[in-house]
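Structure, as C-alpha cells:
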Amino acid sequence: MQKECVGKKGLNDIITTVLIVLLVIVATAIVWVFVSIMFTGSISQLRTEIEFFGLNFEIRNLEIIEVDGVDNGRVSFDLYRKSGGGDILGFVVVLEDDLKNSVTINDYNDNPLAELQSAHVTIPYEDDSTVTPHGLEGNIIKISVHAVIQTPDGGVATSTNPITTKRYSGGGGGGGGGGGGCIPSCASPTYSDVCAETCTNCDGCGGSCSRITTGVSCGAGCTCSGGVQTETNCDDDTDNDNDGAIDCADGDCLDQGCEINGPDMLGDPGTCSEQLYCNFCWDKSDGTLCAREVGESIQVGQCSGYECVLP
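When we follow our numbering, the leftmost residue of the sequence shown carries the number 5, and every step to the right adds one.
Encoded structure:
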C-alpha cells in the first residue's frame, strides 16, 4: 500500500514538471512572436531610413512677401538638389512660426527632383493679410524640406528628419524688411495712422504693433520701418514725423508740457506773458530762459519771435 502511494506521487511530480516545461515553451514562443514583429519593423524602418542617406538639398532665393494691397503674400524659394542619394518621388515642405506652430505643405510630394536640378516652390498666403500660408498666424522663422521616396516593398515614405532647413529672420529681398525692421504691412506714413495688429517677419521675434509715445512696439529688438512716429524732439526745428507741424506746433508736444493756445507755440512773433503757453519759454538765439514757473510764482521775460518749447 505504501509503495503504491509513492508511485503515484512520483507520477504527479513528472506531470507537473512536464506542464511547467510546456508553459515555458509557450511563453517563449509568444515572446518570440512579439520580438520578431518588432525586430522586423525596426529592420524595415532602418532600410527605409538608409534610402534617405546621401540626399542633399539646399534652399536658395528664399522670399517671404506680405500682402500689401498690390502683391498677394507668398513664400517662395528654389529647392536645389545636390549630387548623391537615390531617386525621390517628391518632397514635403514644413513651415514653422515663432509661436511654435508648424504646418506641412504636401503640394510637392509627387514632384520628382533629379540630382543637380532645381524646383521652384511657391506657397501662397491666405486672403487675410494677418494669416500666413495655410493658416499659420505667427511669423515664419524656419522652412524645412523632407524627401519622399518609394520603399523597397513598394510603399511611400517621408523622411523623419528634414533633408535641409533654413531659418528666416526678416531679411532677404521681396517684401521682407532688412536689418530687423518690419515689412510694409506694419508701416504707417504719419503719426495719426495706426499700425497693423500683427507685425510680421520682424526679425523672427514676432510681437504685436501698438501705438506708444515714441513709435511702435513690435516685439523685443524689432522696430517698424517707416512706421508710426511722434514728434520726438520739440526743439530742433524739424518735422520729425512728417505731419507738417514743427516742434511745439505739433500736437505730440502736448504730452511734453506744451499747450497749443498761443502765438509763441505756433512759431509766430509773440511775447511770453504771465499766462505761459509752455512750461518753459526759450530764446533760441542764445538758449536763455525767458520765462519759467518757480513754485507758485511766475517769472516773466521777453522772448518775442521765438517758439515756446521744452529745454
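All C-beta atoms, glycine included, are put in the ideal place defined by N, C-alpha and C.
Fair warning: this is a prediction, and the values are worked out from it, not measured in the lab.
Thinking just about the alpha-carbon of each residue, which of 29, 143, 122, 168 is nearest to the one in residue 149?
Taking the sequence shown and counting its residues from 1, one reaches residue 149 at position 145. Ranking the options by Cα distance to residue 149, first place goes to 168.
Is the CB-CB distance between residue 113 and residue 93 below 8 Å?
The sequence position of residue 113 within the sequence shown is 109, counting from 1. The sequence position of residue 93 within the sequence shown is 89, counting from 1. Yes.
Can you find the residues in the same chain that come closer than 7 Å, C-beta to C-beta, to residue 64, ignoring five residues on each side of it along the sequence?
Your numbering for residue 64 matches position 60 in the sequence shown. Taken in chain order, the residues that qualify are 81, 82, 84.
With which residues is residue 148 paired in a DSSP beta bridge?
In the sequence shown, counting from the first residue as 1, residue 148 sits at position 144. BP columns for residue 148 point to 98, 169.
Spatial neighbours of residue 178 within its chain, please: CB distance less than 7 Å, with the 5 preceding and 5 following residues excluded, ordered by chain position.
Here residue 178 is taken as the residue at index 174 of the sequence shown, counted from 1. At residue 178, the pLDDT of 31 sits below 50, so the modelled position is not reliable; the number obtained from the coordinates is stated separately. Cβ neighbours of residue 178 beyond the five flanking positions: 67, 68, 69.
Is residue 59 helix, strand or coil by DSSP?
Indexing the sequence shown from 1 puts residue 59 at position 55. Correct three-state label for residue 59: coil.
Going by DSSP, what residue range makes up the beta strand (DSSP E) through residue 83?
Here residue 83 refers to the residue found at position 79 when the sequence shown is read from its first residue. Start and end: 78-85.
Which residue comes first and which comes last in the beta strand (DSSP E) that contains residue 122?
Mapped onto the sequence shown, residue 122 falls at position 118. Note, residue 122: beta strand (DSSP E), 122-128.
Could you pull the DSSP bridge partners for residue 161 from this structure?
Counting from one through the sequence shown, the residue named residue 161 turns up at place 157. 153.
Going by beta carbon distance, what residues of the same chain come within less than 7 Å of residue 26, once the five residues before and after it are set aside?
Indexing the sequence shown from 1 puts residue 26 at position 22. Residues of the same chain with their beta carbon placed closer than 7 Å to that of residue 26 are lacking, with the five preceding and five following residues left out of the count.
Between residue 99 and residue 140, what straight-line distance do the alpha-carbon atoms span, to the nearest angstrom?
If you number the sequence shown from 1, residue 99 lands on position 95. If you number the sequence shown from 1, residue 140 lands on position 136. Roughly 8 Å between the two C-alpha positions.
Kindly indicate which three-state DSSP category residue 69 falls into: helix, strand or coil?
The count along the sequence shown starts at 1 and reaches residue 69 at position 65. Looking at residue 69 - three-state DSSP - the assignment turns out to be strand.
Note down the Cα distance separating residue 161 from residue 55, rounded to an integer number of angstroms.
Position 157 of the sequence shown, counted from the first residue, corresponds to residue 161. Position 51 of the sequence shown, counted from the first residue, corresponds to residue 55. Approximately 10 Å, taken between the alpha carbons.
For residue 24, which of helix, strand or coil comes out of DSSP?
To locate residue 24, count along the sequence shown from 1; it is residue 20. In this structure, residue 24 counts as helix in the three-state DSSP scheme.
Could you give the distance in angstroms between the alpha-carbon of residue 104 and the alpha-carbon of residue 170?
Translated into the one-based positions of the sequence shown, residue 104 becomes position 100. Translated into the one-based positions of the sequence shown, residue 170 becomes position 166. Approximately 16 Å between the Cα atoms of the pair.
Just the Cα atoms here: how many angstroms apart are residue 30 and residue 18?
Within the sequence shown, the letter at position 26 stands for residue 30. Within the sequence shown, the letter at position 14 stands for residue 18. About 18 Å.
Would you say residue 88 and residue 59 are within 8 Å of each other, going by their C-beta atoms?
Position 84 of the sequence shown, counted from the start, is the residue given in the question as residue 88. Position 55 of the sequence shown, counted from the start, is the residue given in the question as residue 59. Yes, the pair counts as a contact, with Cβ atoms nearer than the cut-off.
Measuring CA to CA, which of 86, 128, 116 is closest to residue 79?
The sequence position of residue 79 within the sequence shown is 75, counting from 1. Considering only alpha carbons, the answer is 128.
If distances are taken between C-alpha atoms only, which option among 172, 95, 34 comes closest to residue 166?
The residue you call residue 166 lines up with position 162 of the sequence shown. Nearest option by C-alpha distance: 95.
Residues in its own chain within less than 7 Å of residue 145 by CB, not counting five upstream and five downstream?
Counting from 1 along the sequence shown, the entry for residue 145 is found at position 141. Around residue 145: 100, 101, 102, 171, 172, 208.
Which class does residue 109 belong to by DSSP, given the choice of helix, strand or coil?
For this step, residue 109 is matched to residue 105 along the sequence shown. Residue state, collapsed to three classes: strand.
Look at the alpha carbon of residue 97 and the alpha carbon of residue 147, and state the distance between them as a whole number of angstroms.
Locating residue 97 in the sequence shown gives position 93, where the first residue counts as 1. Locating residue 147 in the sequence shown gives position 143, where the first residue counts as 1. Cα to Cα, residue 97 sits roughly 7 Å from residue 147.
Note down the Cα distance separating residue 22 from residue 32, rounded to an integer number of angstroms.
For this step, residue 22 is matched to residue 18 along the sequence shown. For this step, residue 32 is matched to residue 28 along the sequence shown. Approximately 15 Å between the Cα atoms of the pair.
Given a threshold of 16 other Cβ atoms within 10 Å of its Cβ, counted over all protein chains shown, does residue 118 qualify as buried or as exposed?
Taking the sequence shown and counting its residues from 1, one reaches residue 118 at position 114. When all chains shown are included, residue 118 counts as exposed.
Just how far apart, CA to CA, sit residue 34 and residue 24?
Working through the sequence shown from its first residue, we reach residue 34 at position 30. Working through the sequence shown from its first residue, we reach residue 24 at position 20. Whole-angstrom Cα-Cα distance: 15 Å.
Between residue 154 and the rest of its own chain, which residues show a CB-CB distance below 7 Å, the 5 nearest in sequence each way excluded?
Start at 1 with the first residue of the sequence shown, and residue 154 comes out as number 150. For residue 154, where only same-chain residues beyond five positions count, the Cβ hits under 7 Å are 93, 160.
Rank 57, 142, 116 by C-alpha distance to the C-alpha of residue 107 and give the top, closest one.
Counting from 1 along the sequence shown, the entry for residue 107 is found at position 103. Of the candidates 57, 142, 116, the one whose C-alpha sits nearest the C-alpha of residue 107 is 142.
Going straight from the alpha carbon of residue 3 to that of residue 126, what length do you get?
Since the first residue shown for the chain is 5 and the last is 315, residue 3 is missing from the structure and cannot be characterised.
Any idea if residue 28 is buried or exposed, counting beta-carbon neighbours within 10 angstroms, 16 or more meaning buried?
Residue numbering aside, residue 28 sits at position 24 when the sequence shown is read from its first letter. When all chains shown are included, residue 28 counts as exposed.
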